[in-house]
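K.L.:
Residue numbers (the working numbering): 173 to 328. Virtual Cβ for every residue (Gly too), placed ideally from N, Cα, C.
What follows is the structure, given as structure tokens:
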């Protein structure tokens with residue numbers, strides 16, 4: 173299964189200056205709980221934004237056009253398609269964790285979208301999640317928190 177996991181504001185904004193827009197403890201806990209023991213696919217800039225590098229307890233695959241790119245704890249793939257082919261070997265499900273360009277390429281391939289929808293409009297965002305083709309998904313679950321909702325969409 174290919175799952176996209178992302179936090180968005182009301183306008184679909186996801187980032188600014190290579191960083192997340194929101195740091196919500198419950199969202200970070202949910203991210204860890206959902207992705208632990210699974211495979212992560214991310215772009216190089218997303219990987220480089222992680223404060224401690226590769227996320228432990230998960231297979232980390234980084235998409236980079238630079239074939240010589242390397243870092244501890246990661247595998248490198250030249251394209252999203254190559255990364256998803258690597259990820260098919262497991263472990264577990266594949267979680268696409270960003271950034272904007274990778275999300276845009278992955279949306280058509282995603283079986284599930286795990287969204288954290290923040291009830292706010294971030295200041296000066298520069299990266300947005302692509303428009304979700306809502307006819308392609310059904311809402312499986314909504315959990316409301318204070319100022320945000322966790323929304324699970326499943327491809328129909």
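#1: Check whether the stretch 181 to 188 and the stretch 291 to 301 are in contact - that is, three or more C-beta pairs closer than 8 Å.
#2: Which residues bound the beta strand (DSSP E) around residue 233?
#3: Helix, strand or coil, according to DSSP, for residue 308 in the structure here?
#4: Can residue 284 and residue 194 be called in contact, C-beta distance under 7 Å?
#5: Can you name the start and end residues of the alpha helix (DSSP H) that residue 253 belongs to?
#6: DSSP beta-bridge partners for residue 316?
#7: State the start and end residues of the unbroken alpha helix (DSSP H) segment that holds residue 201.
#8: Express the C-alpha separation of residue 292 and residue 324 in angstroms, rounding to a whole number.
#9: Indicate whether the contact test is met: 3 or more Cβ pairs, each with one atom in the stretch 261 to 269 and one in the stretch 244 to 251, closer than 8 Å.
#10: For residue 227, is the classification buried or exposed, using 16 other Cβ atoms within 10 angstroms of its Cβ as the cut-off for buried?
#11: Output the boundary residues of the alpha helix (DSSP H) element that contains residue 133.
#12: Roughly how many angstroms separate the alpha carbons of residue 276 and residue 174, rounded to a whole number?
#13: Would the beta-carbon of residue 270 fall within 7 Å of that of residue 218?
#14: Give the straight-line distance between the Cα atoms of residue 216 and residue 303, rounded to the nearest whole angstrom.
P.N.:
On the basis of the supplied data:
#1: yes
#2: 231 to 235
#3: helix
#4: A distance of 7 Å or more separates the beta carbons of residue 284 and residue 194.
#5: 252 to 259
#6: Checking the DSSP bridge columns, you'll see residue 316 partnered with 321.
#7: 197 to 207
#8: 19 Å
#9: The stretch 244 to 251 and the stretch 261 to 269 do not touch, with fewer than three beta-carbon pairs separated by less than 8 Å.
#10: By the neighbour-count criterion, in which 16 or more other beta carbons inside 10 Å mark a residue as buried, residue 227 falls on the buried side.
#11: Only positions 173 to 328 of the chain appear in the structure, and residue 133 is not among them; the question remains open.
#12: Taking the straight line from one Cα to the other gives about 14 Å.
#13: A contact, by the Cβ cut-off of 7 Å.
#14: 22 Å
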